[in-house]
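**Q**
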Amino acid sequence: MAESEEEVKFLVQRVVKDITNAFRRNPNIDEIGLIPCLEARYNRSPVVLVENKLGLESWCVKLLLPFVHSKLVLYRQRKLWLDRDALTDLTCTLLLLNPDFTTAWNVRKELVQLGALDPLKDLHLGKLALTKFPKSPETWIHRRWVFQKIIQEICRPNSRNNSGIISAEQMHRIIQDEMAVCSAAAGRYPSNYNAWSHRIWILQHVAKCNLKILLDELSSTKYWVSTHVSDHSGFHYRQFLLKSVAGNTKGTVITHAGGLAKTSAHNNFHADLAAHGKGEGASMEEYTADVPLMIEEEMELCSDLIESYPGHEALWCHRRCVFYLWHCWNRDHLQVSADTSSRSEAMANSLQLAAASGYSPRTMDVVGAANSSKQSYTQETKRLKRGPSLDLHSLLEEHRFVDTILAGCTNSEQARFATAYRKWLDTIVCQ
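Counting from 1 along the sequence shown, just add 45 to a position and that's the residue number in our numbering.
1. First and last residue of the alpha helix (DSSP H) that includes V274?
2. Please state the DSSP three-state secondary structure of K154.
3. What separation, rounded to the nearest whole angstrom, lies between the Cα atoms of K194 and Y282?
4. Take W246 and list the residues in its own chain whose beta-carbon comes closer than 8 Å to its own, dropping the five residues that flank it on each side.
5. Does DSSP classify L94 as helix, strand or coil?
6. Are the beta-carbon atoms belonging to V274 and L360 less than 7 Å from one another?
7. Do T138 and I64 count as a contact pair if the criterion is CB distance below 7 Å?
8. So, is A131 buried or exposed, given that buried needs 16 or more other C-beta atoms within 10 angstroms?
9. Should the stretch 79-97 be called in touch with the stretch 151-167, which here means at least 3 C-beta pairs below 8 Å?
10. Using three-state DSSP, classify I199 as helix, strand or coil.
11. Who are I64's beta bridge partners in DSSP?
12. Count Cβ pairs between the stretch 166-173 and the stretch 88-98 that sit closer than 8 Å; are there 3 or more?
13. Could you give the distance in angstroms between the alpha-carbon of I196 and the alpha-carbon of V251?
14. Just checking: is the beta-carbon of F192 within a distance shorter than 7 Å of some beta-carbon in chain B?
15. Quick check on the burial criterion: 16 or more other C-beta atoms within 10 angstroms. Buried or exposed for K253?
16. Checking the sheet assignment: what are the DSSP bridge partners for L79?
17. How big is the Cα-Cα spacing for L350 and T136?
18. Could you tell me the alpha carbon to alpha carbon distance between I258 and C227, rounded to whole angstroms?
19. Taking all protein chains shown into account, decide if N237 is buried (16 or more other Cβ within 10 angstroms of its Cβ) or exposed.
20. Hey, how far is the Cα of S457 from the Cα of T464?
21. Which of the three DSSP states, helix, strand or coil, is assigned to C254?
22. What three-state label does DSSP hand W269 in the structure shown?
23. Buried or exposed: where does P111 fall if 16 or more other Cβ atoms within 10 Å of its Cβ makes it buried?
24. Compare the Cα-Cα distances from P72 to each of W126, N97 and K62 and report the closest residue.
25. To which residues of the same chain is Q459 closer than 6 Å at the C-beta, ignoring the five residues directly before and after it?
26. From L470 to S348, what does the alpha carbon distance come to, in whole angstroms?
27. Around the Cβ of A174, are there at least 16 other Cβ atoms within 10 angstroms (buried) or fewer (exposed)?
28. Can you give the Cα-Cα distance for L346 and F446, rounded to whole angstroms?
29. What whole-angstrom Cβ distance do V61 and D134 have, given they're in contact under 8 Å?
30. Apart from the five residues just before and just after F285, which ones in its own chain have a Cβ nearer than 7 Å to its Cβ?
31. Please identify the residue among H243, A240, D261 and V336 whose C-alpha is closest to the C-alpha of G292.
32. Can you look up G160 in the DSSP assignment and give me helix, strand or coil?
33. Distance check for M344 and E352, CA to CA, integer angstroms please.
34. Mapping the DSSP letters down to three states, classify G279 as helix, strand or coil.
35. Please go through the same chain and pick out, in chain order, the residues whose beta-carbon is closer than 8 Å to the beta-carbon of P235, but skip the five residues on each side of it.
36. What does the alpha-carbon distance come out to for the pair W371 and K116?
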């Protein structure tokens, strides 16, 4: 038995060393995987490197994983001493096989804080782990910690990073690479909430919701959601983008630098990052987002997908969120830009439009409102007077769209979702 344990120990050390050497020979490895193999057929290493793909024969995993796991636990219990290089190699092997082992990530955090490990290498390791385990929550959590560490180093006064180790241009590339990592993980695992929520976190805390980056993300994810029409998480991400753009352009022109401007060196760095989005001189260029046009295009996308792919609930839920965003944005801008008299006049015009179109939702007494002088001043008339004027026209268009869907619908699920959407329009939006 002792001889068998020695053989296992020797094999594991050999495999760990081979994996480390594979990364040294090819730092551009972009994917890992297991090679189905029940037993060792040849006297060769189970580590296989072909171009940028790293494979491990499955027969050795049942020996390798328990050994490196117990060895790391003994180190944390201070029963075994390992130097920094050994810890780096051991945790790398362990996390490629089991990225949800929190202790291994914590050890690598300590190595990063000691300066013994490059945080960018940790990002690369996590990227590889996500090619095999795209929903690993511990991997996404560790990536956020690494990004926080990078930002702290950049913004620290007189830090070595301010001298050019990580520039705004490099950070811009890192953000782009991170978006690509999230897209790849979302494609490998359906409704990958961890990947999409991490993507939102990057926009909020690293890109600081820069307007240009938000618009680029809207453009780049349009095709993705068109090919994943049942993925609620992908549509939720687009809802975040739409709300962020609408909130980022409330009545003012946004500059590349101003989109990230607050105070401190942290925001100066992000101003440089925003300026890098369009190259030299971009910080002086002003631009704004056309929110009504953006929402109109999103509604057109919803209409096309609903008609092309009937019976998908995610599409109808997304349409609700987009229309409600338009409803709220309209209401807020109406309150800011119009006085009481103009709003009353606009409301009267909208009511006439509704009456002419034959629209009479169950929760709105349009005829009674038009003849308010002949009835008592009720809560309903107060609600109509303070409601957004432009929404009634959009509401009519939505009802026409639902009627068109129901008229030629042969899918029972599509009919159910359309009916529920029409009920939502009457009971929620009209309140």
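Glycine residues also receive a C-beta, built at the ideal position from the N, C-alpha and C atoms. Treat the numbers as computed from the prediction; the structure is a model and nothing was measured.
**A** Let me spell this out:
1. Run containing V274: none; DSSP gives neither H nor E here.
2. The answer is helix: DSSP assigns K154 an H, G or I state.
3. If you take the alpha carbons of K194 and Y282, they lie about 25 Å apart.
4. Answer for W246: R189, listed in chain order.
5. Here L94 carries a strand assignment [DSSP, helix/strand/coil].
6. In contact: V274 and L360 (Cβ atoms closer than 7 Å).
7. Going by C-beta atoms, I64 is nearer than 7 Å to T138.
8. The residue in question, A131, is exposed, as its Cβ has fewer than 16 Cβ neighbours within 10 Å.
9. The answer is no - the stretch 151-167 does not touch the stretch 79-97, with fewer than three Cβ pairs under 8 Å.
10. Three-state DSSP puts I199 in a helix.
11. In the DSSP assignment, I64 is bridged to no other residue.
12. Flag = no, the stretch 166-173 and the stretch 88-98 do not touch.
13. Their Cα atoms are separated by approximately 8 Å.
14. The chain inventory of the structure shown lacks chain B, comprising one protein chain alone.
15. Here K253 is buried: its Cβ has 16 or more other Cβ atoms, across all protein chains shown, within 10 Å.
16. The partner list for L79 (beta bridge, DSSP) reads L101.
17. The straight-line gap from Cα to Cα measures roughly 45 Å.
18. Looking at the two C-alpha atoms, the distance is approximately 15 Å.
19. With 16 or more Cβ atoms within 10 Å of its Cβ, N237 is classed as buried.
20. Rounded to the nearest whole angstrom, the C-alpha separation of S457 and T464 is 11 Å.
21. Residue state for C254 is assigned as coil, using DSSP reduced to three classes.
22. Helix at W269.
23. When all chains shown are included, P111 counts as exposed.
24. Minimum Cα distance to P72 is reached at N97.
25. Counting only Cβ-Cβ distances below 6 Å, and skipping sequence neighbours, we find P355 and G356.
26. Straight-line measurement puts the Cα of S348 at about 16 Å from the Cα of L470.
27. A174 is buried by the Cβ-count criterion.
28. Rounded to the nearest whole angstrom, the C-alpha separation of L346 and F446 is 13 Å.
29. The Cβ separation is near 6 Å, so the contact holds.
30. Taken in chain order, the residues that qualify are I245.
31. Distances from the alpha-carbon of G292 to those of H243, A240, D261 and V336 put V336 closest.
32. The answer is coil: DSSP assigns G160 none of H, G, I, E or B.
33. Cα-Cα distance, rounded: 12 Å.
34. Reduced to three states, the DSSP call for G279 is helix.
35. Its chain contains H273, S275 and D276 as the residues whose beta carbon lies nearer than 8 Å to that of P235, once the 5 sequence neighbours on both sides are disregarded; these appear in chain order.
36. Their Cα atoms are separated by approximately 57 Å.
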